[in-house]
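Colleague: Below: one structure in structure tokens.
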Amino acid sequence: MGRPKALLPFDDQPLIAHIVRLLQNFFVDIVAVAAPEQALPQLPVTLVRDEVPFQGPVGGIYYGLKAARGEFCFVTSCDVAFLNIALITKLLSYISDYEVVVPEWEGRLQPLHAVYRRSVMPLLRKQLERGELRPIFLYDKVRTRKVAAEEIRCDDPEGLSFLNMNTPADYEAALKCWNEKSWKFATETASPIFSLPVFVTVELFGVARLLAKTKSISLPLPVEASLADVIAALAEKLPVLVGRVIDSGGAALVNGYACNINGLNFIRSPSAKVNAGDKIFILSADAGG
Amino acid sequence: MYGFHGRFLHVDLSSGQSAWHDLAESRLRAFFGGIGLGTSLLYEHAPPRVDPFGPANPLIFASAPLAGTGLTTTAKFAVVTKSPLTGFIADSLSSSHFALELKSAGLDALIITGRAPAPVYIFVHNESVEIREAGQLRGKSPGETESLIRAELDSPTIRVAAIGKAGENRVRFATISNEGRHAGRGGVGAVMGSKNLKAIALYGDREVPVADARGVKEIADRLRRRSLGSLTDKYRSIGTVANLAVFNRLGTLPTRNFQQSTFDHAEALSGETLTENNFSRRHGCASCTIRCERLFKSGDGEEQRLEYETLFALGPLCGIHDPEIVLRAARLCDHYGLDTISTGGTLAWAMECGEKGLSAEVQKLDLRFGQPDAVLASIAAIAERRGIGALLAEGTRRAAREIGAASLCWAMQVKGLEMPGYEPRSLKTMALGLAVSPRGACHNRSGAYEADFSGEVDRLSADPGRGALVAASEDFAAVLDSLIVCKFLRKCFTDFYGEAAELLSKVTGWNCSSGDLRRAGERIHNLKKLYNVREGWQTRDDWLPERLLSESLPTGVAQGTGLTQNELRQMIQGYYQTRGWDEQGFVPEKKLMDLGLPTDTGSSLKVEGWTNAGDVEV
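So the protein sequences, as listed, match chains A and B.
Take 1 as the starting number for the first sequence in the working numbering and just add one per residue.
Take 290 as the starting number for the second sequence in the working numbering and just add one per residue.
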């Protein structure tokens with residue numbers, strides 16, 4: 001390219017600012033990972049620098065995950081202009097059962113448009129120590145959900161999400177495309193803000209864990225979701241819990257089970273609100289031992 | 290009389306004599322059975338300030354009105370004596386067939402005093418009482434003792450409660466065991482050992498009629514159905530070991546001698562992991578539909594029963610994360626007859642002494658957190674009082690006084706009883722419950738933690754209002770422990786006091802109200818306090834170890850949470866106020882009179898309206 005890609009003018013601002021502006025409508029915690037000496041504009045993000053330079057995408061993903069606060073993160077490069085919120089939402093919705101969710105477009109995995117659990121950090125660190133700088137080495141080691149092209153086309157028929165800019169020609173094509181479609185993106189990015197799910201993690205203990213055969217599950221919920229919404233989503237995702245842990249109506253825990261939010265508050269009211277990032281424990285109501 | 294035999298047996302091992310005595314109905318109405326009856330008999334028959342290991346300290350086995358009625362979870366009995374660990378009341382419960390046989394043998398209570406010149410066991414079969422030689426049983430485990438006595442008496446149906454080597458050697462936290470169950474806390478096994486009493490064997494065919502058999506059956510059927518529902522799912526599906534993973538996540542899992550409230554290796558020891566990897570079979574006490582007991586198989590194929598308290602005490606508390614080691618350590622404790630909570634607590638204290646360079650002997654043993662071999666070796670040493678084991682057999686409080694320096698600060702005990710697996714700094718109601726319990730650091734004579742886990746209070750903050758919650762929980766437990774109903778059934782009652790009053794009325798023919806039961810709970814608890822006062826209780830005894838009041842929790846969701854002396858003091862004052870006690874925690878005369886309890890702590894129990902059994906005849 002011959003110029004810093006993050007600073008390419010796009011939509012009247014540096015490209016990275018364009019990306020951040022788009023993402024900040026949906027994510028409360030955004031981390032930008034930059035090279036040690038890389039110049040960036042002022043951004044409303046947590047800025048971290050590569051601790052060791054020239055470690056490629058694995059280094060970027062690792063340092064980004066390390067600085068993030070949630071349990072999982074959507075990772076993107078700074079040279080894509082057409083992030084598609086519907087597609088990102090779809091990728092996030094798959095992460096509850098996986099460590100990585102990565103799209104595959106035109107026969108190539110897209111590790112820099114993927115969702116990673118922070119639990120993969122130790123493996124990434126070992127990759128860095130071994131000099132394995134390609135993210136795909138990770139995918140064989142953890143539960144990875146590959147999202148096929150036909151699933152992607154439902155939200156992004158042309159695969160614009162993966163249109164990055166490696167050459168001046170790519171950049172010119174992207175600008176042209178933006179000028180043609182900017183009205184559409186403006187509409188699409190404005191409307192999902194009200195419908196994009198928030199994610200909570202449900203941690204299961206005791207009987208619930210044994211029945212579900214999993215310790216935790218991430219659930220997408222509507223904004224302003226209540227505990228009843230959590231239970232309903234859990235019942236849908238893990239129907240094996242219905243009858244034993246969740247009542248047959250699917251909206252409440254049966255007597256004998258309790259709910260705690262973030263390890264601090266025991267919640268009784270089904271109408272209690274939950275927030276994005278909450279960890280919701282499902283446990284026995286009886287602590288006798 | 291319905292529900293009771295109306296009599297107790299007194300055996301004096303010094304003289305070898307025994308005698309039956311009547312129990313007045315008024316006493317039974319006031320205290321029911323179990324812990325209540327046992328406490329009232331202790332108060333009356335123990336000389337004030339008696340030496341716990343002295344011949345005069347009575348060892349009391351008390352049956353209960355619901356035992357033998359067929360009601361689920363009621364095959365239980367109480368053991369009450371003066372604790373050699375605390376110097377105050379020791380009131381332990383155990384369960385299963387021995388409890389049923391105690392009732393069938395015609396006993397509402399068995400009081401043992403004196404000291405046999407050589408090891409003996411007592412065999413009670415209906416009216417007959419034999420004191421038999423037990424030299425051949427010396428050094429045997431409780432389980433081995435049970436088998437040998439059955440063989441000797443040529444009866445497989447005889448039920449036996451016995452002590453192991455720890456009890457024989459007066460380890461101050463030795464248990465009395467029957468059928469793999471234990472009267473575990475407070476050193477009741479050491480008192481039994483001090484009397485040269487190896488075991489008690491029972492056989493009987495005495496039936497106790499109930500006043501309204503059909504009514505009792507209806508209630509029993511109702512509770513049995515509820516006991517098989519979701520309210521007991523945890524106990525039926527995993528057992529109490531289910532606590533470990535969730536306690537860890539909630540920052541309430543005492544770890545490394547209460548230095549932390551989370552354990553990095555909790556998942557390896559969790560009930561869920563044990564269930565997946567080591568589960569062997571499920572077991573239950575006699576007459577129990579919940580069947581909470583879990584046996585886990587270790588690598589050598591041996592089965593071992595494991596409860597949360599044992600798992601926590603021999604695992605995270607000692608920094609041990611290998612389930613194999615915990616299973617082996619638990620097996621050793623059962624073999625020798627040791628309370629697993631006090632064993633783990635004492636080892637954890639010693640480990641910290643070793644790490645701080647306070648004990649050359651501990652360092653020589655390599656007894657440090659997470660070191661499995663020394664843990665296993667130390668358990669045997671404690672039971673046999675060998676080497677450092679002689680010191681550790683005294684429990685943390687005495688051992689800390691011996692070692693000196695600051696080690697009392699991390700001797701995690703209350704009144705001398707080692708703490709159970711509920712972190713007080715992140716369970717503030719429980720902190721108060723532990724501080725004021727007459728038995729010492731106890732999670733059974735009150736379930737104060739229930740308020741913390743319910744959401745009705747902020748478990749991380751303290752306020753004087755917790756006093757009412759703790760008092761209510763203690764009274765509730767006193768009633769449960771005196772009827773006796775297992776605590777794992779408690780949530781199956783929709784209106785506990787109402788339903789329990791109805792049940793007791795149908796068993797005994799008395800016309801009991803829920804108010805009568807509430808008052809009995811309060812009376813029983815106050816009598817325990819009164820007994821402790823007589824034995825020298827002082828305000829300073831209701832307190833928590835220094836560590837809990839000076840160190841904040843360093844990890845987990847409760848990170849940074851502590852408990853100040855002032856917060857604890859205020860909660861204790863709130864508790865005394867709720868109880869109607871004075872600011873120093875003594876029970877005023879008016880309160881005693883209101884409850885029908887003796888007003889002179891030096892006197893024997895002479896309650897107005899009672900017909901006392903009189904002095905024990907030997």
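Glycine included, every Cβ here is placed at the ideal spot set by N, Cα and C.
Since we're looking at a predicted model, the values are computed, not measured.
(1) Counting along the chain, where does the alpha helix (DSSP H) carrying B/K915 start and finish?
(2) Curious, which full-length alpha helix (DSSP H) runs of at least 4 residues does the region 501-579 of chain B contain?
(3) Straight-line CA distance for B/L706 to B/E673?
(4) Per DSSP, which one or two residues make a beta bridge with A/T167?
(5) Could you confirm whether any beta carbon from chain B is found closer than 8 Å to the beta carbon of A/R244?
(6) Just how far apart, CA to CA, sit A/V115 and A/L92?
(7) Under 8 Å between C-beta atoms, does B/I527 make it to chain A?
(8) For B/R427, I'd like the list of residues in its chain whose CB is within less than 8 Å of its CB, leaving aside the five on either flank, ordered along the chain.
(9) Rounded to whole angstroms, how far is the Cβ of B/K795 from the Cβ of B/V499, which I believe are closer than 8 Å?
(10) Run through the DSSP bridge pairs and tell me what A/F199 is partnered with.
(11) For chain B, find out if any of its Cβ atoms is closer than 8 Å to the Cβ of A/A251; answer yes or no.
(12) Distance, Cα to Cα, A/S191 vs A/V207?
(13) Compare the beta carbon distance of B/S587 and B/L616 with 8 Å and say whether it is the shorter of the two.
(14) Can you list, in chain order, the residues of its chain whose CB lies under 7 Å from that of B/A472, leaving out five sequence neighbours each side?
(15) Quick one: what's got a C-beta closer than 6 Å to A/S195's C-beta in the same chain, skipping five residues either side?
(16) May I ask you to list the residues that DSSP assigns as paired with B/L382?
(17) A/V254 versus chain B: which residues are under 8 Å apart at the beta carbon?
(18) Starting from B/E878, trace the alpha helix (DSSP H) both ways and give me its first and last residue.
(19) For B/N855, does the count of other Cβ atoms within 10 angstroms reach 16, so buried, or fall short, so exposed?
(20) Return the residue from the list B/R538, B/F547, B/L600 and B/R570 that minimises the CA-CA distance to A/K279.
(21) Can you check whether the CB of B/V418 is closer than 8 Å to the CB of B/V535?
(22) Going by other Cβ atoms of all chains shown within 10 Å of its Cβ, with 16 needed for buried, is A/C154 buried or exposed?
(23) Check B/Y711 in the structure and name its three-state DSSP category.
(24) If we call anything under 8 Å between Cβ atoms a contact, is B/A847 one with B/S750?
(25) Residues of chain B with CB under 9 Å from A/G263, in chain order?
(26) Distance, Cα to Cα, B/L621 vs B/G469?
(27) Along the region 780-791 of chain B, where does the CB come closer than 8 Å to a CB of chain A? Name the residues.
(28) Count the other C-beta atoms from every protein chain shown that fall within 10 angstroms of the C-beta of B/N546, then say buried if there are 16 or more, exposed otherwise.
(29) Name the chain B residues whose beta carbon is nearer than 8 Å to that of A/I267?
(30) Mark B/E591 as exposed unless 16 or more other C-beta atoms lie within 10 angstroms of its C-beta, in which case mark it buried.
(31) Got a sec? Which residues, its chain only, sit under 7 Å from B/P661 by beta carbon, not counting five neighbours each side?
(32) If the cut is a Cβ gap below 8 Å, which residues of chain A does B/T564 touch?
(33) Determine, using beta carbons only, whether B/G295 comes closer than 8 Å to chain A.
(34) Could you confirm whether any beta carbon from chain B is found closer than 8 Å to the beta carbon of A/S191?
(35) Per DSSP, A/A258 is paired with what?
(36) Of all the options B/V774, B/R657, B/F875 and B/R836, which has the alpha carbon lying nearest to the alpha carbon of B/I324?
Modeller: In short, the structure shows the following:
(1) Outside the displayed range of chain B (290 to 907) lies residue 915 of chain B, so it cannot be described from this structure.
(2) Counting whole runs of 4 or more residues, the region 501-579 of chain B contains the alpha helix (DSSP H) stretches 502-516, 522-526, 532-538, 555-558 and 560-567.
(3) The sequence position of residue 706 of chain B within the second sequence is 417, counting from 1. The sequence position of residue 673 of chain B within the second sequence is 384, counting from 1. Approximately 20 Å between the Cα atoms of the pair.
(4) Along the first sequence, read from residue 1 onward, the residue named residue 167 of chain A stands at position 167. In DSSP, A/T167 forms no bridge with anything.
(5) Here residue 244 of chain A corresponds to residue number 244 of the first sequence, with the count starting at 1. Residue contact check for A/R244 against chain B: a CB pair falls below 8 Å.
(6) Residue mapping note: residue 115 of chain A aligns to position 115 of the first sequence, counting from 1. Residue mapping note: residue 92 of chain A aligns to position 92 of the first sequence, counting from 1. When rounded, the separation of the alpha-carbon atoms in A/V115 and A/L92 is 7 Å.
(7) Counting from one through the second sequence, the residue named residue 527 of chain B turns up at place 238. It does; some Cβ of chain A falls within 8 Å.
(8) The residue labelled residue 427 of chain B in the question sits at position 138 within the second sequence. Apart from sequence neighbours up to five positions away, the residues of its chain that approach B/R427 with a beta-carbon distance below 8 Å are P408, E457 and K487, ordered along the chain.
(9) Position 506 of the second sequence, counted from the first residue, corresponds to residue 795 of chain B. Position 210 of the second sequence, counted from the first residue, corresponds to residue 499 of chain B. With 8 Å as the limit, B/K795 and B/V499 qualify as a contact, their Cβ atoms being about 7 Å apart.
(10) Within the first sequence, residue 199 of chain A is the residue found at index 199, counting from 1. Answer by DSSP bridge pairing, in chain order: A/P220.
(11) Start at 1 with the first residue of the first sequence, and residue 251 of chain A comes out as number 251. It does not: the Cβ of A/A251 has no partner Cβ on chain B nearer than 8 Å.
(12) Residue mapping note: residue 191 of chain A aligns to position 191 of the first sequence, counting from 1. Residue mapping note: residue 207 of chain A aligns to position 207 of the first sequence, counting from 1. Its pLDDT being 44, under 50, A/S191 is placed unreliably in this model, and the coordinates cannot settle the point.
(13) For the purposes of this step, residue 587 of chain B is taken as the residue at position 298 of the second sequence. For the purposes of this step, residue 616 of chain B is taken as the residue at position 327 of the second sequence. Yes, the Cβ-Cβ distance between B/S587 and B/L616 is below 8 Å.
(14) By one-based count along the second sequence, residue 472 of chain B stands at place 183. V368, S381, L382, S383, T464 and I465.
(15) Looking up residue 195 of chain A in the first sequence gives position 195. Residue confidence for A/S195 is low, a pLDDT of 48 falling below 50, so the modelled location carries little weight and cannot support an answer.
(16) Counting from 1 along the second sequence, the entry for residue 382 of chain B is found at position 93. Looking at the DSSP assignment, B/L382 forms a beta bridge with B/A367.
(17) Counting from 1 along the first sequence, the entry for residue 254 of chain A is found at position 254. Chain-order list of chain B residues neighbouring A/V254: S519, by C-beta distance under 8 Å.
(18) In the second sequence, counting from the first residue as 1, residue 878 of chain B sits at position 589. E878 to L884 is the extent of the alpha helix (DSSP H) around B/E878.
(19) As a first step, residue 855 of chain B must be located in the second sequence, where it is residue number 566. Looking at its Cβ environment, which holds fewer than 16 other Cβ atoms inside 10 Å, B/N855 is exposed.
(20) Taking the first sequence and counting its residues from 1, the one referred to as residue 279 of chain A is at position 279. Looking at the Cα atoms, B/R538 is the closest of the given residues.
(21) Within the second sequence, numbered from 1, the residue matching residue 535 of chain B stands at position 246. Within the second sequence, numbered from 1, the residue matching residue 418 of chain B stands at position 129. In this structure, B/V418 does not lie closer than 8 Å to B/V535 by Cβ.
(22) For the purposes of this step, residue 154 of chain A is identified with residue 154 of the first sequence, where counting begins at 1. Label assigned to A/C154: exposed.
(23) Working through the second sequence from its first residue, we reach residue 711 of chain B at position 422. In the structure shown, the three-state DSSP call for B/Y711 is coil.
(24) Residue 847 of chain B sits at position 558 when you count from the first residue of the second sequence. Residue 750 of chain B sits at position 461 when you count from the first residue of the second sequence. No.
(25) For the purposes of this step, residue 263 of chain A is identified with residue 263 of the first sequence, where counting begins at 1. In chain order: R538, L539, G540, G845, V846 and A847.
(26) Here residue 621 of chain B refers to the residue found at position 332 of the second sequence. Here residue 469 of chain B refers to the residue found at position 180 of the second sequence. Taking the straight line from one Cα to the other gives about 13 Å.
(27) Listed in chain order, the positions of the region 780-791 of chain B with a beta carbon within less than 8 Å of a beta carbon of chain A are K780.
(28) As a working note, residue 546 of chain B is residue 257 in the second sequence. Result: buried.
(29) Within the first sequence, numbered from 1, the residue matching residue 267 of chain A stands at position 267. For A/I267, the chain B residues whose Cβ falls inside 8 Å of its Cβ are G744, in order along the chain.
(30) Along the second sequence, one-based indexing puts residue 591 of chain B at 302. Looking at its Cβ environment, which holds fewer than 16 other Cβ atoms inside 10 Å, B/E591 is exposed.
(31) Against the second sequence, residue 661 of chain B aligns to sequence position 372. Listed in chain order, the non-local C-beta contacts of B/P661 below 7 Å within the same chain comprise I609, D611 and I614, local neighbours out to five positions each way being set aside.
(32) Counted from its first residue, the second sequence places residue 564 of chain B at position 275. L210, listed in chain order.
(33) Position 6 of the second sequence, counted from the first residue, corresponds to residue 295 of chain B. Chain A contact via Cβ: absent.
(34) As a first step, residue 191 of chain A must be located in the first sequence, where it is residue number 191. Confidence in A/S191 is poor, its pLDDT being 44 and thus under 50, which makes the residue's placement unreliable; the coordinate value appears in the next sentence. A/S191 does not count as touching chain B.
(35) Residue mapping note: residue 258 of chain A aligns to position 258 of the first sequence, counting from 1. Residue pairing by DSSP places A/A258 opposite A/L283 in a beta bridge.
(36) Position 35 of the second sequence, counting from 1, holds the residue named residue 324 of chain B. The candidate whose alpha carbon is nearest that of B/I324 is B/V774.
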